[in-house]
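For the sequence shown, this note's numbering assigns the number 51 to the initial residue and increments by one for each residue that follows. No residue lacks a Cβ here, since even glycine has one placed at the ideal position from N, Cα and C. Everything below concerns the one structure shown next.
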Amino acid sequence: MKVTVVIPVFNRVEVILPTLESVARQTLFDFECLIIDDGSTDHSVSVVDQYISSDSRFRLIQRNRLPKGANTCRNIGLKQARAEYILFLDSDDIIADNFLESQVEYIMNKSCDAVISRIFEFDNDIKDNLIEREIGANLNLNSYIKNQCSWITSAVLWNKKSIEKINGFDEGIMKWQDWLLNIKALSKDYCFCQNFETNVFYCIAKNIKRTSNSGHHADEFFKTRLKALNYLSNKKERKLLLYHFNVNNLKKVRSNYLTLKVLFQVTFNSKSFAFLKGYLSKDV
């Protein structure tokens with residue numbers, strides 16, 4: 051078997067079918083699709099179960115451990131995956147008909163750890179105007195930290211062994227899980243390649259809704275960046291990450307001043323970062 055597709059689902063009855071249909075239409079037949087339910091309370095389970103009943107390549111799995119969340123579901127899928135390559139889709143993403151075939155061919159020819167497709171964004175309906183998202187040219191740690199390159203989880207086909215070596219997704223965070231995963235991979239000098247011959251279609255409306263709680267948003271932002279420091283052994287890379295922990299985002303996390311103070315005492319030993327200490331010390 052070539053590819054395992056993993057799709058976490060939680061109360062997505064209104065959007066899950068187009069995603070499953072896009073997987074079922076793949077020109078590559080040799081795949082399995084694991085739908086991991088995160089404890090849905092709507093009719094998602096029955097809708098999925100009915101849809102996949104006639105196709106043995108699809109399996110519905112219930113999350114059987116804590117913590118709750120998409121990261122846990124993805125890791126459950128990773129553990130049960132039987133294929134050589136793995137794709138993590140969100141429950142409202144759509145992949146082009148040739149996606150799996152094209153991505154597998156590319157990753158095999160290039161012998162890379164992960165291959166990234168083109169990304170097109172849409173708002174609510176895929177029939178809306180599509181906007182291509184730029185990924186960036188240099189797919190390395192330095193560029194990623196500087197936000198000069200970025201991509202989404204569902205655009206990436208992984209070599210399963212490669213993602214297993216970095217222990218998959220961090221189950222202790224709720225946001226920016228793909229960002230932290232990529233930091234872990236790039237810090238190990240993983241090879242990421244771009245494939246311009248296929249597309250993933252990504253719904254941006256979901257992100258607008260999920261970022262409405264600014265307090266929680268800020269806490270998760272800080273937690274993720276703090277965890278990222280643990281994966282960066284190079285002092286220059288750590289300083290670079292902290293430098294790009296910019297003032298706008300620092301405003302959101304000032305409530306975490308005591309934790310940040312400890313972090314800065316350990317990390318900011320040079321004059322170039324003194325202004326950040328001062329900024330966080332200001333009374334607002």
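Going by C-alpha to C-alpha distance, which of the options sits closest to residue i?
| i | options | result |
| --- | --- | --- |
| Thr-391 | Asn-284, Gln-100 and Asn-61 | In this structure the chain extends from 51 to 334, so residue 391 is not present and cannot be described. |
| Asp-175 | Pro-68, Ser-237 and Gly-119 | Pro-68 |
| Leu-139 | Val-206, Arg-115 and Glu-182 | Val-206 |
| Thr-54 | Glu-221, Trp-208, Lys-215 and Asn-232 | Trp-208 |
| Ile-157 | Ile-202, Ser-193 and Ser-212 | Ser-212 |
| Cys-253 | Asp-173, Glu-64 and Lys-210 | Asp-173 |
| Gly-186 | Gly-218, Ser-204, Ile-166 and Lys-210 | Ile-166 |
| Leu-78 | Val-95, Tyr-135 and Arg-124 | Tyr-135 |
| Asp-88 | Glu-82, Asn-114 and Phe-149 | Asn-114 |
| Phe-242 | Ile-126, Leu-290, Trp-201 and Arg-75 | Trp-201 |
| Gln-244 | Glu-171, Asn-125, Ser-152 and Ala-278 | Ser-152 |
| Leu-370 | Trp-229, Ala-255 and Tyr-240 | Here the chain comprises residues numbered 51 to 334, so residue 370 is not present and cannot be evaluated. |
| Asn-284 | Glu-184, Asp-239, Leu-128 and Thr-274 | Asp-239 |
| Arg-168 | Phe-246, Ser-193 and Leu-128 | Phe-246 |
Less than 6 Å between C-beta atoms, sequence neighbours within five positions excluded: which residues of the same chain meet that for residue i?
| i | result |
| --- | --- |
| Ala-146 | Thr-248 and Asn-249 |
| Leu-189 | Cys-199 and Phe-242 |
| Leu-290 | Ile-195 |
| Pro-117 | Glu-221 |
| Gln-76 | Leu-150 |
Excluding the 5 residues preceding and the 5 following residue i in the sequence, name in chain order all residues of the same chain whose CB lies nearer than 7 Å to its CB.
| i | result |
| --- | --- |
| Leu-191 | Leu-236, Ser-237 and Glu-287 |
| Lys-259 | At Lys-259 the pLDDT is 49, less than 50, meaning the model places this residue with poor confidence; the figure from the coordinates comes in the next sentence. Nothing meets the Cβ criterion. |
| Leu-282 | Ser-237, Arg-288 and Leu-291 |
| Asp-80 | Met-51 and Lys-52 |
| Ser-72 | Ile-144 and Ile-145 |
Within the continuous beta strand (DSSP E) that includes residue i, where are the two ends?
| i | result |
| --- | --- |
| Gln-76 | It is not in any beta strand (DSSP E) - Gln-76 carries neither H nor E in the DSSP assignment. |
| Cys-243 | 242-253 |
| Gln-198 | Run containing Gln-198: none; DSSP gives neither H nor E here. |
| Ile-111 | 108-112 |
| Pro-58 | 53-59 |
Ends of the alpha helix (DSSP H) at residue i?
| i | result |
| --- | --- |
| Val-97 | 94-102 |
| Gln-130 | 120-130 |
| Ala-235 | 227-237 |
| Ser-152 | 149-160 |
| Arg-288 | 285-293 |
| Glu-214 | 210-215 |
Pop quiz: residue i and residue j are said to be a contact at Cβ under 8 Å. What is the actual Cβ separation, rounded to whole angstroms?
| i | j | result |
| --- | --- | --- |
| Ser-204 | Asp-163 | Not really, about 17 Å apart at Cβ, beyond 8 Å. |
| Ser-11 | Ile-57 | This structure cannot settle anything about residue 11, because the visible part of the chain is limited to 51 through 334. |
| Gln-130 | Leu-84 | 6 Å |
| Glu-221 | Asn-121 | 5 Å |
| Arg-132 | Glu-82 | 6 Å |
| Ile-86 | Gly-127 | 5 Å |
| Ser-193 | Val-59 | With 8 Å as the limit, Ser-193 and Val-59 do not qualify as a contact, their Cβ atoms being about 33 Å apart. |
I'd like the list of long-range same chain contacts for residue i, defined as Cβ closer than 8 Å, with 5 residues on each side in sequence excluded.
| i | result |
| --- | --- |
| Val-154 | Lys-52, Val-53, Leu-78, Tyr-135 and Leu-207 |
| His-294 | Ile-195, Lys-196 and Asn-197 |
| Phe-170 | Leu-180, Ile-181, Glu-182, Arg-183, Asn-249, Val-250, Phe-251 and Tyr-252 |
| Ser-96 | none |
Pair every Cβ in the segment 96-115 with every Cβ in the segment 171-185, then say whether three or more of these pairs are closer than 8 Å.
-> no
Indicate whether the contact test is met: 3 or more Cβ pairs, each with one atom in the segment 225-232 and one in the segment 269-279, closer than 8 Å.
-> yes
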